[in-house]
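There are 2 protein chains.
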Amino acid sequence: MLKKTHRVSLVEQVSSQMEDLIESGHWAIGNRLPPEMELMKTFDVSRNTLREAIQALVHAGLLETKQGSGTIVKSKSALEAVLHRQVEKSNILKILEVRLALEREAAQLAAKRRNEKDIKDMNHFIGMCRLAAQEGDLELFLKADIQFHQMMVKAAHNQMLFDLYSHITDPLISSIRNIMILDKNFDYENEIHTDLFEAIKQKSEHHAIRYVNNYINEFREKITLIQED
Amino acid sequence: MLKKTHRVSLVEQVSSQMEDLIESGHWAIGNRLPPEMELMKTFDVSRNTLREAIQALVHAGLLETKQGSGTIVKSKSALEAVLHRQVEKSNILKILEVRLALEREAAQLAAKRRNEKDIKDMNHFIGMCRLAAQEGDLELFLKADIQFHQMMVKAAHNQMLFDLYSHITDPLISSIRNIMILDKNFDYENEIHTDLFEAIKQKSEHHAIRYVNNYINEFREKITLIQED
DNA sequence: GGTCATTTGTTCGTATGTATA
DNA sequence: GTATACATACGAACAAATGAC
Numbered sequence: 053m054l055k056k057t058h059r060v061s062l063v064e065q066v067s068s069q070m071e072d073l074i075e076s077g078h079w080a081i082g083n084r085l086p087p088e089m090e091l092m093k094t095f096d097v098s099r100n101t102l103r104e105a106i107q108a109l110v111h112a113g114l115l116e117t118k119q120g121s122g123t124i125v126k127s128k129s130a131l132e133a134v135l136h137r138q139v140e141k142s143n144i145l146k147i148l149e150v151r152l153a154l155e156r157e158a159a160q161l162a163a164k165r166r167n168e169k170d171i172k173d174m175n176h177f178i179g180m181c182r183l184a185a186q187e188g189d190l191e192l193f194l195k196a197d198i199q200f201h202q203m204m205v206k207a208a209h210n211q212m213l214f215d216l217y218s219h220i221t222d223p224l225i226s227s228i229r230n231i232m233i234l235d236k237n238f239d240y241e242n243e244i245h246t247d248l249f250e251a252i253k254q255k256s257e258h259h260a261i262r263y264v265n266n267y268i269n270e271f272r273e274k275i276t277l278i279q280e281d
Numbered sequence: 053m054l055k056k057t058h059r060v061s062l063v064e065q066v067s068s069q070m071e072d073l074i075e076s077g078h079w080a081i082g083n084r085l086p087p088e089m090e091l092m093k094t095f096d097v098s099r100n101t102l103r104e105a106i107q108a109l110v111h112a113g114l115l116e117t118k119q120g121s122g123t124i125v126k127s128k129s130a131l132e133a134v135l136h137r138q139v140e141k142s143n144i145l146k147i148l149e150v151r152l153a154l155e156r157e158a159a160q161l162a163a164k165r166r167n168e169k170d171i172k173d174m175n176h177f178i179g180m181c182r183l184a185a186q187e188g189d190l191e192l193f194l195k196a197d198i199q200f201h202q203m204m205v206k207a208a209h210n211q212m213l214f215d216l217y218s219h220i221t222d223p224l225i226s227s228i229r230n231i232m233i234l235d236k237n238f239d240y241e242n243e244i245h246t247d248l249f250e251a252i253k254q255k256s257e258h259h260a261i262r263y264v265n266n267y268i269n270e271f272r273e274k275i276t277l278i279q280e281d
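Chains as they are written, first to last, in the numbering used here: chain A, 53 to 281; chain B, 53 to 281.
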């Protein structure tokens with residue numbers, strides 16, 4: 053008899069429905085939402101209620117409204133939006149430290165849990181790295197390198213680790229690019245993580261950790277050198 | 053001529069002001085906000101505008117409204133709220149993995165950056181651990197142990213690392229307690245991280261990492277043993 | 001148990017600013 | 001420049017839940 057669901061406010065009902073539409077990709081990032089008049093009919097609520105729901109998602113970072121233009125989808129999840137803001141107001145080097153922390157753990161877990169599909173995916177991006185290295189295409193190399201790391205974290209089979217890593221990495225990409233470009237001694241061959249890949253493939257946690265530790269320390273030195281400029 | 057920054061909506065202005073009041077502790081967690089009529093006068097906006105601002109913070113997880121009763125502060129920051137939700141819908145063991153990832157990085161950074169106050173704080177909780185061990189007080193021991201780890205992460209001097217660690221640890225405490233209680237071979241002396249503390253005190257990154265790796269592996273074994281029950 | 005003031009929930013109406021065609 | 005569509009903001013009214021007396 054007592055319906056607890058009835059005690060959820062209309063605004064909450066509408067905003068969580070909209071959140072689902074965004075998270076499911078039905079309203080994709082960059083797309084414009086239908087006008088308010090239409091949404092009022094869709095959700096069967098008044099203008100103010102609808103607006104409160106929209107504003108809630110705007111504040112959460114999922115939507116962005118522009119007066120006279122419309123409402124567009126800006127971000128896919130609350131976690132992504134929150135971390136994006138957090139990254140923006142923090143020191144880039146400190147964020148990189150967090151990213152490396154997650155990466156190190158991921159390498160160990162990946163060596164333990166990777167399946168055949170993980171190996172295939174990682175191998176694909178290693179190949180792209182090699183191709184980019186041969187052609188000296190830095191942009192392509194960075195793109196493939198980042199996706200390789202992404203796949204490695206995915207191979208750790210820990211959703212939260214993957215979410216945190218992804219949402220921290222995205223807003224860092226331009227910074228990583230700058231670090232790489234400013235590196236005078238940039239050596240493509242040395243940057244291809246073939247050994248790390250092999251260690252994970254052979255399920256050798258020990259070698260994976262050792263390799264990722266070396267890689268991280270090199271990266272740290274690179275950062276501090278650039279910071280001193 | 054026209055300042056583009058001036059085009060921040062009233063709702064945004066009000067909600068960010070309220071967010072500041074919450075984050076600064078002026079509106080503490082659990083406290084009730086002044087009624088809408090009062091807040092309307094405080095911020096000098098209409099009811100609809102105020103309510104949109106409140107709903108935004110409700111959706112972000114900072115506030116909770118109850119019809120007929122009032123609005124209370126539920127969480128201190130958006131990051132805390134979103135991580136809390138994330139932790140709730142995830143596997144506890146997977147969350148522990150993320151926590152350990154952050155802890156490992158923190159140990160290394162703490163050995164590099166700790167100052168005298170950090171040492172003092174950590175020493176205080178190490179002392180509490182010893183006291184609790186002597187008296188066989190498991191509750192006190194866990195409390196002190198968690199605070200010791202918290203201080204170690206703080207000594208890493210990376211705000212985002214600390215925030216992530218804290219907000220992940222809080223909802224995990226009861227789980228950690230259960231793990232410890234279920235451990236038949238629980239040995240107080242062995243659980244006091246004196247060696248880790250000494251390594252950080254001596255600024256020996258190498259020893260700090262080695263110790264924390266051992267500690268983490270032991271903790272992992274403990275978890276898998278219990279999981280098999 | 002009931003009444004009543006308080007507080008939030010929901011809706012409607014109106015006016016004005018702003019971007020796009 | 002005008003018309004249109006949309007966003008912003010305010011005010012007023014009633015409904016529903018809560019808590020105190």
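Every residue, glycine too, gets a C-beta built ideally from N, C-alpha and C.
Just so it is clear, the structure is predicted and the values come from calculations on it, not from any experiment.
Of the residues the options, which one's Cα is nearest the Cα of residue i?
i: Y191 (chain A); options: A:S226, A:H209, A:R262 and A:R165; result: The amino acid at residue 191 (chain A) is misidentified as Tyr; the sequence shows Glu. Minimum Cα distance to E191 (chain A) is reached at A:S226.
i: D239 (chain A); options: A:D173, A:I171 and A:D189; result: A:D189
i: I144 (chain B); options: B:I231, B:E241 and B:V264; result: B:I231
i: N266 (chain B); options: B:L109, B:T117, B:L224 and B:L152; result: B:L152
i: P86 (chain A); options: A:E75, A:C181, A:I124 and A:E71; result: A:I124
i: L248 (chain A); options: A:H259, A:N242 and A:N83; result: A:H259
i: H223 (chain A); options: A:G77, A:I198 and A:Q211; result: Strictly speaking, residue 223 (chain A) in this sequence is Pro, with His absent from that position. Residue A:I198 is the option with its Cα nearest to P223 (chain A).
i: A80 (chain B); options: B:Q69, B:M92, B:A105 and B:K126; result: B:K126
i: E146 (chain B); options: A:N210, A:G77, A:R229 and A:Q107; result: In the sequence as displayed, the identity of residue 146 (chain B) is Lys instead of Glu. Nearest option by C-alpha distance: A:N210.
i: Q160 (chain B); options: B:E250, B:A112, B:I228 and B:F271; result: B:E250
i: M212 (chain A); options: B:L114, B:R182, B:A112 and B:K141; result: B:K141
i: E104 (chain B); options: A:Q254, A:E132, A:I178 and A:S67; result: A:S67
i: I178 (chain A); options: A:S98, A:N242 and A:L216; result: A:N242
i: Q254 (chain B); options: B:D170, B:S76 and B:R84; result: B:D170
i: A162 (chain B); options: B:M174, B:I252, B:L154 and B:E71; result: B:I252
i: E132 (chain B); options: B:T221, B:Q107 and B:I106; result: B:T221
Starting from the beta carbon of residue i, find every residue of chain A whose beta carbon is closer than 8 Å, and list them in chain order.
i: N210 (chain B); result: K146, E149 and V150
i: R156 (chain B); result: A153, R156 and E157
i: F127 (chain B); result: Note that residue 127 (chain B) corresponds to Ser in the displayed sequence, not to Phe. Ordered by position in chain A, no residue passes the 8 Å Cβ test against S127 (chain B), which lies about 12 Å from the chain.
i: V134 (chain B); result: A130, L131 and V134
Work out the CA separation of residue j and residue i for me, nearest whole Å.
i: L102 (chain B); j: L148 (chain A); result: 38 Å
i: L234 (chain B); j: T94 (chain A); result: 52 Å
i: Q138 (chain A); j: A130 (chain B); result: 10 Å
i: I275 (chain B); j: Y263 (chain A); result: 26 Å
i: A207 (chain A); j: L62 (chain B); result: 45 Å
i: R156 (chain A); j: N269 (chain A); result: 11 Å
i: H176 (chain B); j: H245 (chain B); result: 13 Å
i: H136 (chain B); j: Q186 (chain A); result: 46 Å
i: D96 (chain B); j: M204 (chain B); result: 45 Å
i: I74 (chain A); j: Q202 (chain B); result: 36 Å
i: Q69 (chain B); j: M92 (chain B); result: 13 Å
i: V60 (chain B); j: A184 (chain B); result: 54 Å
i: A112 (chain A); j: K172 (chain B); result: 39 Å
i: F271 (chain A); j: M180 (chain B); result: 38 Å
i: K56 (chain A); j: A158 (chain A); result: Residue placement at K56 (chain A) is poorly supported in this model, since its pLDDT is 34, which falls under 50; the coordinates still yield a value, given next. The alpha-carbon atoms of K56 (chain A) and A158 (chain A) are separated by roughly 41 Å.
i: N100 (chain B); j: N100 (chain A); result: 8 Å
i: V134 (chain B); j: H78 (chain B); result: 21 Å
i: L54 (chain B); j: S98 (chain B); result: Reliability of the predicted coordinates at L54 (chain B) is poor, the pLDDT of 31 falling under 50, and no value is obtained from them.
i: K164 (chain A); j: K236 (chain B); result: 27 Å
i: E64 (chain B); j: L115 (chain A); result: 13 Å
Please name the residue or residues paired with residue i in a DSSP beta bridge.
i: R166 (chain B); result: Per DSSP, none; premise fails for R166 (chain B).
i: K118 (chain A); result: A:G122
i: R262 (chain B); result: Answer by DSSP bridge pairing: none, since R262 (chain B) is not bridged.
i: R84 (chain A); result: A:I124
Run through chain A and tell me which residues come within less than 7 Å of residue i, C-beta to C-beta.
i: A159 (chain B); result: Result: empty, since nearest Cβ-Cβ is about 10 Å, beyond 7 Å.
i: N100 (chain B); result: N100
Given that residue i touches chain B, what residues does it touch there, using C-beta distances under 7 Å?
i: E291 (chain A); result: Look at the range of chain A in this structure, 53 to 281, and you will see that residue 291 (chain A) is not part of it.
i: S256 (chain A); result: Those within 7 Å of S256 (chain A) in chain B number zero; the least Cβ separation is about 16 Å.
i: V63 (chain A); result: Q107
i: S142 (chain A); result: Q211 and M212
i: Q138 (chain A); result: L131 and M212
i: A162 (chain A); result: What A162 (chain A) touches in chain B: nothing, since even the nearest Cβ is about 12 Å away.
Strictly below 8 Å CB to CB, what residues from chain B border residue i?
i: L213 (chain A); result: K146, E149, V150 and A153
i: L115 (chain A); result: Per Cβ cutoff of 8 Å: no residues; L115 (chain A) is ~11 Å from chain B at best.
i: L216 (chain A); result: V150 and L216
Strictly below 9 Å CB to CB, what residues from chain A border residue i?
i: Q202 (chain B); result: Near Q202 (chain B) there are no residues of chain A at all, since even the closest Cβ is about 16 Å away, more than 9 Å.
i: S76 (chain B); result: Those do not exist, as S76 (chain B) stays about 16 Å from chain A at its closest Cβ, beyond 9 Å.
Cβ pair count under 8 Å reaching 3, the stretch 108 to 124 of chain B against the stretch 190 to 205 of chain B: no
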